[in-house]
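Working notes for the structure below.
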Amino acid sequence: MTRHGSSLLEARELTRYLPGARRDAASPIVDALSLSLQSGDVLGLLGLNGAGKSTTLRMLAGCLTPHAGSVHVAGHSMSDEPAAARAALGYLADRPPLYDDMRVEPYLRFTAALRNMPRRDINHAVQAVIEECQLADIARRRNGRLSKGQRQRVGIAQAIIHRPSVVLLDEPGSGLDPQQQDELRQLIRRLGHDRTVVFSTHVLSEVQACCTRIAVIHGGRLMAEHDLLAEPSARDELADLFHQIVSESASSAPAIDKNAA
Amino acid sequence: MSGTSVVRMTATVARHEFTRLLRSSATWVVAALFVAAAAWLFLSQVEHWLDAQASIGLQDHPPGLAGFLGTTYLAPLSVVLAVLAPFYAMRSFSEEYREATWSLWQSSPVPVTAVVLGKLIGTLAALAIPVGTAIAMVLIMMVWTQLDLGVFASSAAGLLLCTMASTAAGMYCSSLVKQPMLGAVLAIVLLGVLWLIGSTTGVAPSLDALAALSPGQHLSGFLQGYPNTGDVAYFLLFTGVFVVLTLIRLDALRQLGD
């Protein structure tokens, strides 16, 4: 179910094995995964713990080199034009990359400079992202003194400060209270208006609340992909679908392993 | 990415590393201990110089104060700096891994060369504070006596080159592990071995070539006021080798994962 043409994010046959594993004998942790996303797509990468979601996102972000396959961000190949590809994306890892001894505003300035933003644009970008992520009341606080939810918001702010075309968020809702999760969903929906957003989660309600597309991943394989705009009924049936796919995959997993071996 | 952008990125990384080190209380504690040790050594050597005036005056070619302090004050300091530099460099990468901030660098368009060079420059800038203070102590003597500025400049240059080389080695060791202290210990052991092999000169002819790898062998010319291009090349090559090794290590991280 891949779309071609003007894709902002395109992954083709992404494959990754465990470090040191013999590739002819081991099952890959991400197995020939392909995605194609355009502007306005908000993709929820849904899967259980250990399904390969974080590894997939790290490969999409350029933090990890795939053993096979390719990634293109805004038309730039991650392997051939890594700087251009990375400049077009923002990434929040499962742990927000915050320097605890820095205050929020200088930290955001620094991350903007890292994205090669012109100096004259940095002030405006920092103020815009502080407003967008509702950080005004903590802008002068040290990162080390922030709550988990505040850290996630600062983490998202650093990922979008340079207005990237593609935003990748690894389990952004983990550890947040219900109110914070609601705020996060609103933020993701806003981001999706003019960008491509991919976020991973194992929480169905997060996907149901803010995604236009869903990809279910299990055992490193893309088990299903749904376009919720084209198939609105999938939103309500998602819970059943997810449990069905996971249970089916669990029962067929040994067979997959055997085939791979 | 254009050359100007790379230079700007390198400067951004260097400024970040420098201010990060200055925000750490450990940096100031280590710097204070070093300056205290340097001050004690400096005063004791100046006292020694004054006491030995009568015997120095009898020599055919008596050393000047700059030459004397070069061998009795700056030479021991260079060994102390071989320990100090890894303490400054230990956070460069291992703390980034441990605090999960490395993903910020990996997903940003900053070339890895700019990251490594920026961190090296930033760390050296922070080290310049204690090292500069130690060197400035010698300059204070200009109030009371004449210094051979040529010898002094040569000694200071040697000390700075030696510090740069030790910092590069410390950065490489920091890139290998997640625990900053372990990185510092690794670097100190590595530099300690390199300094020790310098003492094998004259033990056996076959070991003389090995002794040429020691920083101490190449620093002595600087401290005596007659450095040669080979010594300069040694320290630049030493630094370059560890910068390249760090680049290879960081590139491998993308291949290997954590």
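Chains as they are written, first to last, in this note's numbering: chain A, 1 to 261; chain B, 262 to 519. The C-beta atom is built at its ideal place from N, Cα and C for all residues, glycine as well.
{"query": "Separation of glutamine 244/A from isoleucine 449/B, as counted between CA atoms", "result": "57 Å"}
{"query": "Residues in the stretch 118-138 of chain A having any Cβ partner in chain B nearer than 7 Å", "result": "none"}
{"query": "Buried versus exposed call for threonine 265/B [16 or more other C-beta atoms within 10 Å across all chains shown]", "result": "exposed"}
{"query": "is_contact[alanine 336/B, chain A] using C-beta, thresh 9 Å", "result": "no"}
{"query": "Own chain residues within Cβ distance below 6 Å of tyrosine 17/A, not counting five before or after", "result": "Arg23, Ala26, Pro28, His67"}
{"query": "Span separating the alpha-carbon of aspartate 177/A from that of glutamine 158/A", "result": "21 Å"}
{"query": "Isoleucine 217/A - partner residues in DSSP beta bridges", "result": "Leu222/A"}
{"query": "Residues near tyrosine 349/B by beta carbon distance below 8 Å, same chain, minus five either side", "result": "Leu282, Thr288, Val291, Thr384, Ala387, Leu388, Thr428, Gly431"}
{"query": "Local conformation of aspartate 257/A per DSSP, three classes", "result": "Unreliable placement is indicated for aspartate 257/A, whose pLDDT of 37 sits below 50; the coordinate value is still reported in the next sentence. It is helical."}
{"query": "Best match in His162/A, Thr196/A, Gly50/A for proximity to methionine 117/A [C-alpha to C-alpha]", "result": "His162/A"}
{"query": "Collapsed DSSP secondary structure at arginine 3/A in the structure displayed", "result": "Reliability of the predicted coordinates at arginine 3/A is poor, the pLDDT of 40 falling under 50, and the value obtained from them is presented with this limitation in mind. Here arginine 3/A sits in coil by DSSP."}
{"query": "Rounded separation between alanine 397/B and glycine 411/B - CA only", "result": "15 Å"}
{"query": "Contact with chain B by threonine 211/A, beta-carbon distance below 9 Å", "result": "For the record, residue 211/A in the displayed sequence is cysteine; it is not threonine. Judged by the 9 Å Cβ criterion, cysteine 211/A is not in contact with chain B."}
{"query": "Start-to-end residues for the alpha helix (DSSP H) that takes in histidine 72/A", "result": "Taken as a continuous stretch (DSSP letters only), histidine 72/A belongs to no alpha helix (DSSP H), being part of the beta strand (DSSP E) at 68-73."}
{"query": "Supposed close pair phenylalanine 295/B, proline 441/B - CB separation, criterion 8 Å", "result": "The pair is not a contact, with the Cβ atoms about 18 Å apart (cut-off 8 Å)."}
{"query": "Cross-chain neighbours of proline 281/A in chain B, by beta carbon under 9 Å", "result": "Outside the displayed range of chain A (1 to 261) lies residue 281/A, so it cannot be described from this structure."}
{"query": "Spatial distance of tyrosine 433/B from arginine 103/A (CA atoms)", "result": "29 Å"}
{"query": "Residue burial classification, lysine 148/A (beta-carbon count within 10 angstroms, cutoff 16)", "result": "exposed"}
{"query": "Within-9 Å CB hit, glutamine 158/A to chain B", "result": "yes"}
{"query": "For alanine 414/B, three-class secondary structure by DSSP", "result": "helix"}
{"query": "Through-space distance from methionine 425/B to alanine 74/A, alpha-carbon basis", "result": "40 Å"}
{"query": "Chain B within 9 Å of proline 19/A, Cβ atoms only", "result": "yes"}
{"query": "Alanine 230/A burial status per 10 Å Cβ neighbour count (16 or more: buried)", "result": "exposed"}
{"query": "C-beta atoms of methionine 78/A and glycine 62/A nearer than 9 Å", "result": "yes"}
{"query": "Meets three-Cβ-pair contact criterion under 8 Å: the stretch 352-372 of chain B and the stretch 82-91 of chain A", "result": "yes"}
{"query": "Any chain B beta carbon closer than 9 Å to arginine 115/A", "result": "yes"}
{"query": "Near-chain A residues of the stretch 380-413 of chain B - C-beta to any C-beta below 7 Å", "result": "none"}
{"query": "Close beta carbons around alanine 445/B, own chain, < 6 Å, minus the five adjacent residues each side", "result": "Pro347, Phe348, Met351"}
{"query": "For alanine 298/B and glutamine 186/A, the rounded distance between their alpha carbons", "result": "58 Å"}
{"query": "Classification of serine 7/A by the beta-carbon crowding that lies within 10 angstroms, buried from 16 upward", "result": "buried"}
{"query": "Same chain only: Cβ atoms within 8 Å of leucine 228/A, ignoring 5 sequence neighbours per side", "result": "Cys211, Thr212, Arg213, Ile214, Ala234, Arg235"}
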